[in-house]
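Chemist:
Protein chains: 2
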Amino acid sequence: MENGHAGKHRVAVIGSGNWGSVASRLLASNTAKLPSFHDEVRMWVFEETLPTGEKLSESINQAHENCKYLPGIKLGTNVIADPDLESAVKDADMLVFVTPHQFVEGICKKLVGKLRPGVEAISLIKGMEIAVEKFSEATIGYREDKEAANRWAKLFTTPYFLVAIVEDIEGVELCGTLKNVVAIAAGLVDGLDMGNNTKAAIMRIGLREMRAFSKLLFPSVRDNTFFESCGVADLITTCLGGRNRRVAEAFARNGGKRSFDELEAEMLHGQKLQGVSTAREVYEVLTYHGWQELFPLLSTVHEICIGQLPPTSIVEYSEHTPNLSFVGGSTPCY
Amino acid sequence: MENGHAGKHRVAVIGSGNWGSVASRLLASNTAKLPSFHDEVRMWVFEETLPTGEKLSESINQAHENCKYLPGIKLGTNVIADPDLESAVKDADMLVFVTPHQFVEGICKKLVGKLRPGVEAISLIKGMEIAVEKFSEATIGYREDKEAANRWAKLFTTPYFLVAIVEDIEGVELCGTLKNVVAIAAGLVDGLDMGNNTKAAIMRIGLREMRAFSKLLFPSVRDNTFFESCGVADLITTCLGGRNRRVAEAFARNGGKRSFDELEAEMLHGQKLQGVSTAREVYEVLTYHGWQELFPLLSTVHEICIGQLPPTSIVEYSEHTPNLSFVGGSTPCY
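Chains as they are written, first to last, in the working numbering: chain A, 1295 to 1628; chain B, 1295 to 1628.
#1: Based on Cα-Cα distance, which residue from B:1317, B:1351, B:1470, B:1586 lies nearest to residue 1531 of chain B?
#2: Closer than 7 Å between beta carbons: that is the criterion. Which residues of the region 1476–1498 of chain A meet it against chain B?
#3: For residue 1320 of chain B, which of B:1364, B:1408, B:1350 has the nearest alpha-carbon?
#4: Return the residue from the list B:1454, B:1459, B:1495, B:1453 that minimises the CA-CA distance to residue 1439 of chain B.
#5: On the CB-based measure, 16 or more other CB atoms within 10 Å of its CB, does residue 1605 of chain B come out buried or exposed?
#6: Using a 10 Å radius around the Cβ and a threshold of 16 neighbouring Cβ atoms, would you call residue 1395 of chain B buried or exposed?
#7: Can you name the residues that DSSP bridges to residue 1338 of chain B?
#8: Going by C-alpha distance, which of A:1454, A:1451, A:1464, A:1411 is nearest residue 1436 of chain A?
#9: Going along chain A in order, which residues have a C-beta closer than 8 Å to the C-beta of residue 1305 of chain B?
#10: With DSSP as the reference, label residue 1386 of chain B as helix, strand or coil.
#11: Any beta carbon from chain B within less than 9 Å of residue 1522 of chain A's own beta carbon?
#12: Just to confirm, is the Cβ distance from residue 1318 of chain A to residue 1330 of chain A under 9 Å?
#13: Mark residue 1402 of chain A as exposed unless 16 or more other C-beta atoms lie within 10 angstroms of its C-beta, in which case mark it buried.
#14: Between the C-alpha atoms of residue 1450 of chain A and residue 1566 of chain A, what's the straight-line distance to the nearest angstrom?
#15: To which residues of the same chain is residue 1577 of chain A closer than 7 Å at the C-beta, ignoring the five residues directly before and after it?
#16: Let me see if you follow: with CB-CB separation under 9 Å, is residue 1313 of chain A close to chain B or not?
#17: Excluding the 5 residues flanking residue 1610 of chain A on each side, which residues of the same chain have their C-beta closer than 6 Å to its C-beta?
#18: What is the DSSP secondary structure of residue 1590 of chain B, reduced to helix, strand or coil?
#19: How should residue 1461 of chain B be labelled, buried or exposed, when 16 other C-beta atoms within 10 angstroms of its C-beta is the threshold for buried?
#20: Is the CB of residue 1436 of chain A under 9 Å away from at least one CB in chain B?
#21: Beta-carbon of residue 1609 of chain B versus every beta-carbon of chain A: anything under 9 Å?
#22: For residue 1427 of chain A, does the three-state DSSP call read helix, strand or coil?
#23: Excluding the 5 residues preceding and the 5 following residue 1416 of chain B in the sequence, name in chain order all residues of the same chain whose CB lies nearer than 8 Å to its CB.
#24: Check whether the Cβ atoms of residue 1512 of chain B and residue 1589 of chain B sit closer than 9 Å, and answer yes or no.
#25: Quick one: does residue 1453 of chain B have its CB under 9 Å from some CB of chain A?
#26: From the DSSP output, in three-state form, read off residue 1368 of chain B for me.
#27: Alpha carbon to alpha carbon, how far is residue 1520 of chain A from residue 1527 of chain A?
#28: Got a sec: is the Cβ-Cβ distance from residue 1382 of chain B to anything in chain A below 9 Å?
#29: Where does residue 1343 of chain A sit, in a helix, a strand or coil, going by DSSP?
#30: Counting only Cβ pairs nearer than 8 Å, list the residues of chain B close to residue 1594 of chain A.
#31: Against chain B, does residue 1320 of chain A count as a neighbour if the rule is that its beta carbon must be under 9 Å from one of theirs?
#32: Nearest to residue 1354 of chain B by CA position, among B:1376, B:1326, B:1504, B:1475, is which residue?
#33: Tell me whether the beta-carbon of residue 1431 of chain A lies closer than 9 Å to the beta-carbon of residue 1498 of chain B.
#34: According to DSSP, which residues form a beta bridge with residue 1456 of chain A?
#35: Apart from the five residues on each side of it in sequence, which residues of its chain come closer than 8 Å, Cβ to Cβ, to residue 1493 of chain A?
#36: Could you tell me which chain B residues have their CB closer than 7 Å to the CB of residue 1526 of chain A, listed as they occur along the chain?
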C-alpha cells in the first residue's frame, strides 16, 4: 500500500448510521493516538435534512455528534462528516465499509477510478459487533500480507476491543456465515425447551460441521480459526442472542405451523434472516457434492426451514451421526 | 480385560442416588439390548430405612424404581439393588462409579482384594451430565486401549446420548476441571451485566487458556479434545447454567463485598464450589512455573476470588493479553 502525506495513513469510513458512527468514533480515538495514522477520520454521510432544517453532515461537524443515529455520544473532533462520497475518499488509503449490505455494490461502482492507488478496504458489514466500551473481540482474516493485517488490527484495537489477525480469509468468512445456520438450530432447541445441555451439544455439533464443511471446501482453512473470536465466541453470541435464534425459537414454539417467511415479516419488520438463506445455499452445495449425510445438522436445519421435517428433528439425527475424523473430528460410537 | 460368564461383560454401578439411578437405568436399557453384555446391572445401594419401615434396596427391587432419589421413573427389571458392596461387585468386570466424590476413597479401600482380575472402572462423578431422555453428549478419554474405550462408549450410548472417545485422558480430565474456573469468569460478567458479547469473549479466552495450560502441562494433549463435548459443549453448559456461574454472579452483584465462602454457604447449603478451589490450585501451578502472565484469565479469577482484585478486573487484562501462539493461539495485536 502506498503511504502518502508524510507517511501517515488516512482513514475514511463509508457509512454514518449507528454502526458507522460507532466505528468512526473508535477509529478517530485511535488515529489521534497512533503516530502512523493521520488524526482525521472522514465519514461519508448519506445526506439527510433534519426536522430542524439543518443538514445531518453539518450538524455532525458542529456538534461532533450524530444526533440522529448515535445521539448523546461524542464522536471526537477529528471525525469529519462529508456528504460527498468522492471527496470523502479521495485522500484515504484505508477504507472502512459500514453501510447496509444492499448499498455496497452501488457505492463501489461510484468509487471506480476515484480512489488512490494501493488503497485497502475492510468491511464491518457482517460479523463484527463493537459493543460500546464493553469488552469484546474480533478477528481479521488476511491472505499473505501480514503487515497490512496488522495495520488494520492496530487501527481497531482498544483496551476493550481486542482484534486478532489470522491468515485464513476463507475460514473467517465461513465462520461469519455458517454460524447463522447453527443459531437457527440453537433457537429450535430453545423453542423445544430442551435446556442448556442439549443446546450446548447442538452448538458444538454445529461448530464441528462448520469446521468440517469449511475444510472440505477450502483445504487451506485452519482448525485454529474456529478457536478465534470469529469462531467459538461469535457462535456463542449468535446462539445466545441474535435474530436467527429468536425467530427459530418462535418457529419451534409454533410447531413449525407458521413459516419462517411469516415469522420474519412479523418479528423483523422486513429484514431477512441470514441463517435461512445460508442454510439453503449450504444445502445446495451439500447436495451437489453428495455430502448431506456428512452434515446432518446443516442439512436438517434447511429441511426444517422449508417444512420438510418437524422442528423436533433437530435433535434426532444421532443414528446417522457421521464420522468426520477425516477432518479431525473424533470417532463417535455407534 | 478378562471376560468371564460366557463371554458377556457384567456391569455394576457403585451408587444409587439420583445420578446413580439415572445411570443404572440407562445402562440396564443398553445391556438388555447389547449381546456382548449380561442383562443384569447390579446397583450398590447405601442402605437406608424408608419412612414406611421398608429398606431402600428392597423397595427398589420390588417396585423397580428408586422411590427416594428418582421417584416416578422405572429403572428396568434388570437393575438389581444390592446393599452389600462386596456382593454387588464380585461378578462385575465393568464398574461405574457414581457416588459423591468424598466417598470414593473409602469405597475403593473396601474393594481392595474383592474384585475380579482385569476389572475396568469409569467415573461419572465429574463432568458428565445425563439429561433424562434429552439429547446430550459425553466424551470418554482413554490411553492406548481403544477397544476398552469403545466398549464403554457402547455401554453408554443411546439415541439421545452420544458418547465419543478420544485418546487423550489428560485433555478430557483438564477440560472437566478447568471449565469451572472459566464458569466463574462467565458468572462475574453476568453479575456485571456486560451482555452476551462480552460473555462469549470471556468464554473463548477461557477456552484458549484451558487449551494452552493443558498443553503446557501435558504436551500429549490434543487440540481436538477441546472441540469435543468435554471441551466446548461442557464449557457452554457450565457457563450458561451451573452453580459456579451462579455464585460468581452473586459475588459480582455484591461488588465482591461478600466472600465466596459466605455466598457458597448461603446458596449451596454446605456444598463447595469446584471452580474456586480449582482456581487456587491452578494459580499455584502458574506461580510455581512463573506462568501467571501467560494466563491472565485463570490468574485473574483466583485473584478476584480471594479479594485481591475487584470483580471488574475480569474484563481488564487486555493490555497484558499474552501471545499464546506457541501452543497454537493467534497473535493478538498490541
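Glycine included, each C-beta is placed from N, C-alpha and C at the ideal position.
Modeler: In this structure, then:
#1: Here residue 1531 of chain B corresponds to residue number 237 of the second sequence, with the count starting at 1. Looking at the Cα atoms, B:1470 is the closest of the given residues.
#2: 1488, 1489, 1490, 1491, 1492, 1494, 1495, 1497, 1498
#3: Against the second sequence, residue 1320 of chain B aligns to sequence position 26. It is B:1364.
#4: Working through the second sequence from its first residue, we reach residue 1439 of chain B at position 145. Answer by Cα proximity: B:1459.
#5: Position 311 of the second sequence, counted from the first residue, corresponds to residue 1605 of chain B. It counts as buried.
#6: Along the second sequence, read from residue 1 onward, the residue named residue 1395 of chain B stands at position 101. With fewer than 16 other Cβ atoms within 10 Å, it is exposed.
#7: By 1-based counting over the second sequence, the position of residue 1338 of chain B is 44. Residue 1338 of chain B is bridged to B:1308, B:1376.
#8: Residue numbering aside, residue 1436 of chain A sits at position 142 when the first sequence is read from its first letter. If we check each option's Cα against that of residue 1436 of chain A, A:1464 comes out closest.
#9: Position 11 of the second sequence, counted from the start, is the residue given in the question as residue 1305 of chain B. Neighbours of residue 1305 of chain B on chain A: none; closest Cβ ~16 Å, over 8 Å.
#10: Numbered from its first residue, the second sequence carries residue 1386 of chain B at position 92. Three-state DSSP puts residue 1386 of chain B in coil, outside helix and strand.
#11: Position 228 of the first sequence, counted from the first residue, corresponds to residue 1522 of chain A. For residue 1522 of chain A, the answer is yes, since a Cβ of chain B falls inside 9 Å of its Cβ.
#12: Within the first sequence, numbered from 1, the residue matching residue 1318 of chain A stands at position 24. Within the first sequence, numbered from 1, the residue matching residue 1330 of chain A stands at position 36. Not closer than 9 Å, so no.
#13: Walking along the first sequence from the start, residue 1402 of chain A turns up at place 108. It counts as exposed.
#14: Taking the first sequence and counting its residues from 1, one reaches residue 1450 of chain A at position 156. Taking the first sequence and counting its residues from 1, one reaches residue 1566 of chain A at position 272. Roughly 29 Å separates the two Cα atoms.
#15: The count along the first sequence starts at 1 and reaches residue 1577 of chain A at position 283. Taken in chain order, the residues that qualify are 1593, 1596.
#16: Numbered from its first residue, the first sequence carries residue 1313 of chain A at position 19. Not one chain B Cβ lies under 9 Å of residue 1313 of chain A.
#17: For this step, residue 1610 of chain A is matched to residue 316 along the first sequence. Excluding residues within five positions, none has a Cβ falling inside 6 Å.
#18: Indexing the second sequence from 1 puts residue 1590 of chain B at position 296. Helix, per DSSP.
#19: In the second sequence, the residue the question calls residue 1461 of chain B occupies position 167. Looking at its Cβ environment, which holds 16 or more other Cβ atoms inside 10 Å, residue 1461 of chain B is buried.
#20: On the first sequence, residue 1436 of chain A is found 142 positions in, with the first residue counted as 1. No - not a single Cβ of chain B is within 9 Å of the one on residue 1436 of chain A.
#21: Locating residue 1609 of chain B in the second sequence gives position 315, where the first residue counts as 1. It does; some Cβ of chain A falls within 9 Å.
#22: Along the first sequence, read from residue 1 onward, the residue named residue 1427 of chain A stands at position 133. Three-state DSSP puts residue 1427 of chain A in coil, outside helix and strand.
#23: By 1-based counting over the second sequence, the position of residue 1416 of chain B is 122. 1388, 1389, 1390, 1391, 1434, 1446, listed in sequence order.
#24: Within the second sequence, the letter at position 218 stands for residue 1512 of chain B. Within the second sequence, the letter at position 295 stands for residue 1589 of chain B. Going by C-beta atoms, residue 1512 of chain B is not nearer than 9 Å to residue 1589 of chain B.
#25: Numbered from its first residue, the second sequence carries residue 1453 of chain B at position 159. By this cut-off, residue 1453 of chain B is an interface position.
#26: In the second sequence, residue 1368 of chain B corresponds to position 74, counting from 1. If DSSP states are grouped into helix, strand and coil, residue 1368 of chain B belongs with the strands.
#27: One-based indexing of the first sequence puts residue 1520 of chain A at position 226. One-based indexing of the first sequence puts residue 1527 of chain A at position 233. The straight-line gap from Cα to Cα measures roughly 9 Å.
#28: Along the second sequence, read from residue 1 onward, the residue named residue 1382 of chain B stands at position 88. Closer than 9 Å: no.
#29: For this step, residue 1343 of chain A is matched to residue 49 along the first sequence. Strand, per DSSP.
#30: In the first sequence, residue 1594 of chain A corresponds to position 300, counting from 1. Simply none; closest approach about 12 Å.
#31: For the purposes of this step, residue 1320 of chain A is taken as the residue at position 26 of the first sequence. So no, residue 1320 of chain A is outside the interface.
#32: For this step, residue 1354 of chain B is matched to residue 60 along the second sequence. Ranking B:1376, B:1326, B:1504, B:1475 by Cα distance to residue 1354 of chain B puts B:1376 first.
#33: The sequence position of residue 1431 of chain A within the first sequence is 137, counting from 1. The sequence position of residue 1498 of chain B within the second sequence is 204, counting from 1. In contact: residue 1431 of chain A and residue 1498 of chain B (Cβ atoms closer than 9 Å).
#34: Your numbering for residue 1456 of chain A matches position 162 in the first sequence. Partner(s): A:1431.
#35: Looking up residue 1493 of chain A in the first sequence gives position 199. Hits under 8 Å: 1480, 1483, 1484, 1533.
#36: On the first sequence, residue 1526 of chain A is found 232 positions in, with the first residue counted as 1. Those are 1498, 1501, 1526, listed as they occur along chain B.
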